[in-house]
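Residue numbers (the working numbering), protein chains in the order written: chain A, 1 to 164; chain B, 165 to 454; chain C, 455 to 1235.
Positions of the beta carbon are idealized from the N, C-alpha and C atoms, including for glycine.
Notes follow once the structure below has been shown.
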Amino acid sequence: MTTDSHQIVTTVNGERCERRVESRLLLSDFLRHELGLTGTHVGCEHGVCGACTIHYDGAPARSCLMLAVQANGHAITTVEALAPDRDRLHPLQEAFREAHGLQCGYCTPGILMTMTAFLAENPSPTEHEVREALSGNLCRCTGYQHIVDAVLLAAGRLRESSPG
Amino acid sequence: MKPAPFRYVPAESLASALALKAEHGDDARFLAGGQSLIPAMNFRLAQPAMLVDVNPLRDLDYVRPAGNGGVRIGALTRTRTLERDALVAERQPLVHEAVPHVAHPQIRNRGTLGGNLAHADPASELPAVMLSLGARLRARSSRGERWIAAQDFFVGVFTTALRADEMLVEVELPAAPPRTGTCFMEVARRRGDYAMMGIAAVVTLGDDGTCTDAALTYCNAGATPVRSAGAAQALVGARIDEQRIRDAAAAAERDLDPPGNVHASKAFQKHLAGVLTRRALRTALARASR
Amino acid sequence: MTTRYFGAPVQRNEDARLLTGRALFVDDVELPGMLEAAFLRSPHAHARIRGIDVSAALKREGVVAVYTAADLGDYWRPGPLLVPPPPIDGIVFNERTQVPLAREKARHAGEPVALVVATTRYIAEDALADIVVDWEPISAVVDLERAVAPGSARVHDDVAGNVAAHVRQARGNYADAVKQAALVIKRRFLYDRGTSSPIETRGVVAHWEDKADRLTVWDTTQAPVVIRNGLAAMLGLSERQVRVIAPFIGGGFGPKIMMFYPEEVLIPWAAIKLGRPVKWIEDRAEHFLATTHERGQVHDAEMALAADGRILGIRDVFLHDTGAYDPYGLTVPINSQCTLLGVYVVPHYDSTFTALFTNKPTVTPYRGAGRQHGVFVMERLLDIAARELGLDPAEMRRRNFIPPDAFPYKNEIIYQDFTALEYDSGNYAPILAKALELIGYERFVREEQPRFRAAGKHVGIGVVCYVEGTGIGPYEGAKVQVQASGKVSVATGIGTQGQGHYTAFAQIVADQVGVDVRDVEVITGDTDQFYWGAGTFASRGAVVAGSAIHEAAKVVRQKILRTAAEHFECAEEDLAIANGAVAVAGVPGRSIRLGALADQANPTRGAVQPGTEPGLEATRYFGPPTGTTASGAHAMIVEVDPETLMIAIRKYAVVHDCGTVVNPMILEGQIHGGVAQGIGNAYYEQLVFDDDGQLLNASLADYLLPTALEVPRMDLAHTVTPSPLNPLGVKGAGEAGAIPAGPLFAQALENALELPARGVELLEIPLSPNRLWELVKGGER
């Protein structure tokens, strides 16, 4: 069976990026190994655990279920883009630290990427709504309670600091 | 779990995509949302020699009113779009109710209606919905196009009536007659999992309150979504009361021959079909009566 | 000395890195020239290998090497026995440990048969399909009772009856108990467990640097020191030539302390042979077969009771599935045997188990490590007895608690640490009382449940108790050092997989040495940083490593005082350490920062006094003579849909006693995580094998880990009975949450559906809507 490769131009975390990739290279592998953005983690490669969640044109998607070639002409955002700089954290990240919303941290980037999008659409979620939004991300360490606490904490802070 | 090698072609137009499919037949697969295809490829259960990426065909991403009060949906419409679309919510409440059960938001951001239907997983929600709604599916190839009724579209497990050179391009959902009530329900181990059993129920009442039409289609009940003629027969032509509902449920349990799987035995699936029939009918009836 | 950090919910030092994606996990390691590996695994549960042809694979572009057992030469040998059989009279134990690559036959589906090394993992996987193996399938040993029956196939050709071990432990005389008993109940129990399924699978990266004569291995192991020692011995290197790094690990839970997995011993060997770094990352499909499980036991248990509900004796005979090999000895079934006794007085106890080889992946400890099985049997027997005697389940337990003045309480039988089982401290009645209060037991039983039932809702309640033997030896060590920067480093030999060692250990040191907890840098999981250690397992990190860290920190504190007293020419009593400096009390200006003091203690001129060492550092070890015993109670209110048998947990309460608490926030997280795994084990997770030993649900789509919608919000409370066995008074807590969910679900579901009155008892775990429906229907006949 033959393979081929393609020149792709994509925007990753706001930066233009041009590479030649084999057709079958998964987006998750492209981000992690080609671009060195190892914050996105791989847990299953069949779209269930959610650890690999990134934003594709601003919407959460599982990078293990996409090909690198599909990034051509599109924008990818990963967890590395959340914190404003090396010394500060995004309010959601800060809330996770305060509420102990992570233990081993492996599922965390995927959850952060899912939740930033969720909170942007649902700034005042109930606990049940948070759990529903979280149900596509598996965590084996925390039992989810502190994650939910962190998201609700962040939601409150983001509402306070948002204009209007 | 990395896919086997393949050649990748981003489609420049519908015509060129169809030409490639005509040339390569079953050796080529269309890549739409990829939410079913890519996992299969990662497990190496699917090893197409060529992927034709139809995501660039944005013209196939739409939800429009159909002339007769129905809705026309392009095959590349993301499931998440369906979830939020006002026209769908208003005119196709069965679709609106079923879509949140499809996997999770991240999957729905990418998955498409056309991809979901063409994948033809009998446990999936939307194929059953299409059957109960009497949807028509438009298939196109380099040779032309044709309409396929939903009941003829799903042929077997992961098998549709699409020929090797065809692509599903549109789904047309008819307008619901007045006094139609619908209900989608499923029992799944966890939210977003494939249903152990699911039902897409549609009932239509006449002016005198008797049932003039009923469609009850079940998910994970066979090699395709299974419409229970027996259950419908128990309802049509009479007022739907508790006894009729129980009769319909019993008929469904008789009609269905579910496959059974690691989560639910055949017997349990049949039992759940009965339970869901009763519950969905009560809800659909209440909605039809409003 | 006041404590500022110990016992406080201090935020974690490690979180910023993890939250921003700047934490190194094994798959993040990239090295120039690195190759990637894939393993050809047996598709058969049991089959002879007649021949392997790798020629086509070798021809594939990008493939650098393909190895089978024949290529390993002397390197091919069964792995070490990690835990020898316990010193119990009459024990039968057949050691059969895993091999690097299957040679004459494969003994479980997924057993590695060949190793492919290629330029990318993608190509390595392509090459797997090129390899042709001539298999001769043999009938698979799957069912435990058939495994021991005559005529069964043999997993190991020379082990008759597939008997891996036979162990009997007894205390008192059960026959006497029966003679005195007003009631004897007898039941068969099935307790099945599953796979730990951390979100990060296993992985190994090995790098042999020929010019430096050094091997570095990144490994998702919970025991880097032991791996370092073993690999050095196997590869003919000195321990000092090998560095094993367990960086950030995405969840351990036990199977990552199974050691010397085939992949673990082969990847370093291949890296040396090929002179290039080699990486192997286990994918999820492999994980289901290649990483160890815990699995099932079948118990025939009976309990003899007095008329007032006091236990007179228990006899239990059980079968234990150890899988294809038994490298971890008998830790899991011994834990079952011992933990069955629980928080109760059991005057006569007679427990026998037979561990059996089966053609399934090997069984080694997974969070709870066999305790679950024992707790299930005991708690279910108590519930059945309570019903027969007309006692409330909580009262039944109360009447049998070990009284608070009976500690240390000797249970006498041999525990997993090979010492006689002894509970150091405990007070169980307050735990139960608090659990009943948290769940609102009285109000539920008297008012709420009758209202629910009248409304046709099926809502039930359950409460169960358990012990968790934790904090066992042999030892751990730590080096605490004040650096010239004023920051304090702590190095210890164990690894961290998310349980917050970087913070909890920092808290212990910060209080002793008088620095901000954020100025304590904890290093775990790097054998170059600390030489000795056993590993992170059996809920022992805080107890054993924590105690060693505490001792070392105390010594450093003394050195600080002594050095500063010399510096200031004053008495040590006049000094105070705070905020990273030592000052003469009441004399402003006479203070020195710890970093500067550390410099003073490391002179570039003069002499270091004989009998002292330079710097402000100390290394100490802690080896507890026996483990500590944590305990707790869980309670749950659950609603069941009587038609679909789907459940909704309305309330879940945990009362836990793990002695002194280092960081309550981290402790809560451990309990939550444990309970989530317990809920998974009770109602969602099951490894489904067919009669040919094939795993039918080897994916996360069909092996059901609980999500945020299946795990409820939990109410937690603590009691504290400090352990007298270590300076901190701590007991372990890592596994507790996972232990009692099985019997809790059984009790609560029986209560919700009023099953006993309908002739149905729940004597097995896991349950599911399907299984519950079958059992309920069975009762209706």
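Alpha-carbon to alpha-carbon, residue j and residue i
| i | j | result |
| --- | --- | --- |
| C141 (chain A) | G954 (chain C) | 11 Å |
| L494 (chain C) | D588 (chain C) | 13 Å |
| R841 (chain C) | A501 (chain C) | 49 Å |
| G252 (chain B) | T346 (chain B) | Looking at the sequence shown, residue 252 (chain B) is not Gly but Val. Roughly 13 Å separates the two Cα atoms. |
| F991 (chain C) | T324 (chain B) | 52 Å |
| Y144 (chain A) | V151 (chain A) | 11 Å |
| G1040 (chain C) | V936 (chain C) | 25 Å |
| A413 (chain B) | T441 (chain B) | 5 Å |
| T818 (chain C) | H100 (chain A) | 30 Å |
| A154 (chain A) | H747 (chain C) | 37 Å |
| A175 (chain B) | P123 (chain A) | 38 Å |
| L1015 (chain C) | G58 (chain A) | 57 Å |
| L1221 (chain C) | Q315 (chain B) | 37 Å |
| V69 (chain A) | H6 (chain A) | 7 Å |
| T1017 (chain C) | Y877 (chain C) | 41 Å |
| Q1140 (chain C) | V263 (chain B) | 28 Å |
| R354 (chain B) | R730 (chain C) | 45 Å |
Helix, strand or coil at residue i according to DSSP, with G and I counted as helix
| i | result |
| --- | --- |
| W530 (chain C) | coil |
| K911 (chain C) | coil |
| L1198 (chain C) | helix |
| T1083 (chain C) | strand |
| K434 (chain B) | helix |
| S1001 (chain C) | helix |
| L784 (chain C) | coil |
| M1090 (chain C) | strand |
| Q751 (chain C) | strand |
| T53 (chain A) | strand |
| Q1012 (chain C) | helix |
| V921 (chain C) | strand |
| D1146 (chain C) | coil |
| S1222 (chain C) | coil |
| A404 (chain C) | Residue 404 (chain C) cannot be examined here, being either before or after the span of chain C that is shown, 455 to 1235. |
| A379 (chain B) | strand |
| L92 (chain A) | helix |
| L251 (chain B) | helix |
Presumed contact (8 Å Cβ cut-off) between residue i and residue j, rounded CB distance
| i | j | result |
| --- | --- | --- |
| M361 (chain B) | A385 (chain B) | 7 Å |
| Y226 (chain B) | G234 (chain B) | The pair is not a contact, with the Cβ atoms about 14 Å apart (cut-off 8 Å). |
| K710 (chain C) | Q951 (chain C) | 7 Å |
| V480 (chain C) | T674 (chain C) | 5 Å |
| Q966 (chain C) | K1008 (chain C) | 6 Å |
| M832 (chain C) | A839 (chain C) | So it is not a contact: roughly 11 Å between Cβ atoms. |
| E1218 (chain C) | A823 (chain C) | Not really, about 20 Å apart at Cβ, beyond 8 Å. |
| D646 (chain C) | R738 (chain C) | With 8 Å as the limit, D646 (chain C) and R738 (chain C) do not qualify as a contact, their Cβ atoms being about 21 Å apart. |
Chain B residues whose Cβ lies nearer than 9 Å to that of residue i
| i | result |
| --- | --- |
| P163 (chain A) | Chain B residues near P163 (chain A): none, gap ~25 Å exceeds 9 Å. |
Partner residues on chain B for residue i, Cβ-Cβ distance less than 8 Å
| i | result |
| --- | --- |
| L133 (chain A) | Looking at the sequence shown, residue 133 (chain A) is not Leu but Ala. The contacting residues are P269. |
| V1165 (chain C) | Within chain B, no residue comes near V1165 (chain C); the closest Cβ sits about 11 Å away, beyond 8 Å. |
Opposing strand residues paired with residue i [DSSP bridges]
| i | result |
| --- | --- |
| D1111 (chain C) | C:S1085 |
| F547 (chain C) | C:A619 |
| Y1254 (chain C) | The structure shown does not extend to residue 1254 (chain C), since chain C is modelled only from 455 to 1235, so the question has no answer here. |
| I1031 (chain C) | C:V1036 |
Amino acids of chain B, ordered along the chain, whose beta-carbon sits closer than 7 Å to that of residue i
| i | result |
| --- | --- |
| A59 (chain A) | N273 |
Beta-carbon neighbours of residue i, restricted to chain C and to distances below 8 Å
| i | result |
| --- | --- |
| H33 (chain A) | E484 |
Contact set between residue i and chain A, taken where Cβ atoms lie within less than 9 Å
| i | result |
| --- | --- |
| Q315 (chain B) | Correct list: empty, because the minimum Cβ distance to chain A is about 30 Å. |
| D737 (chain C) | V42, C44, E45 |
Contact list for residue i against chain A, beta-carbon separation under 7 Å
| i | result |
| --- | --- |
| L472 (chain C) | L102, G105, T108 |
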